[in-house]
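Every number in my numbering is 43 more than the matching position in the sequence shown, counting from 1. Idealized CB from N, CA, C, for every residue including glycine. All values reported here derive from a predicted model rather than from experimental measurement.
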Amino acid sequence: MQDLFQNYVDNVNKLRDAFHVELAAQAQELSKAMDIYAQRSEAALASFMEKVSARGVEVEAAAAARLNQFRGLPANGGLPDVNDGPLAPTNADQVKIETAAERAVAASLELERAVAASLDLENDADRKLRPGRPMTLIKSNSAATSSQTDLNREPNFASL
44 MQDLFQNYVD NVNKLRDAFH VELAAQAQEL SKAMDIYAQR SEAALASFME
94 KVSARGVEVE AAAAARLNQF RGLPANGGLP DVNDGPLAPT NADQVKIETA
144 AERAVAASLE LERAVAASLD LENDADRKLR PGRPMTLIKS NSAATSSQTD
194 LNREPNFASL
């Protein structure tokens with residue numbers, strides 16, 4: 044019986060050792076796989092960041108070109124030098140737009156002046172006394188006495 048029990052303990056120890064060796068081998072394989080994954084992830088991230096950076100430069104250049112077009116400048120040109128003098132309109136449409144804008148500003152200024160003048164006239168008219176009969180305020184005795192009693196009474200704050 045003792046031999047049987049000893050054989051059982053030896054077999055369990057062998058299984059434990061084999062399991063430990065296999066577990067260590069799998070841990071090494073997993074560690075290698077994680078290192079490869081990390082290297083590939085870093086390489087992919089670096090590639091992605093390079094593409095994003097290049098795309099960002101392209102987007103900035105496109106945005107600058109659109110802004111220049113909006114300003115009426117050539118899309119591929121930079122800002123003009125301020126020492127060159129005022130910019131001349133590039134086509135007849137710009138001249139039309141500028142004259143229409145000048146007319147609109149002039150019209151709005153005329154309208155403001157007219158409104159201000161009419162307000163001045165109304166204010167002057169309000170200051171003048173208008174002829175008419177004088178108004179008199181008549182109070183009845185009951186209304187006068189009730190208002191006097193209300194003034195003599197102390198306020199009731201508890202009802203608030």
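Straight-line gap, residue i to residue j (C-alpha atoms, nearest Å)
i	j	result
A149	M92	54 Å
A70	I79	14 Å
R98	R83	22 Å
A135	E141	10 Å
E101	E85	24 Å
N56	L73	25 Å
L154	E145	14 Å
F62	A68	10 Å
D60	A87	41 Å
V158	L110	39 Å
D53	A76	35 Å
K94	A105	16 Å
F204	A81	Nothing can be reported for residue 204, as the shown portion of the chain is limited to 44 through 203.
C-beta neighbour in chain D for residue i, strict 9 Å
i	result
E85	In summary, chain D is missing from the structure at hand, where a single protein chain is found.
Close Cβ partners of residue i (< 7 Å) along its chain, the five nearest in sequence each way excluded
i	result
S161	none
D46	none
Contacting residues, own chain, Cβ-Cβ under 6 Å from residue i (five flanking each side not counted)
i	result
S96	none
Given residue i as reference, the closest of the options once Cα atoms are compared
i	options	result
V138	A76, L152, G115 and A157	G115
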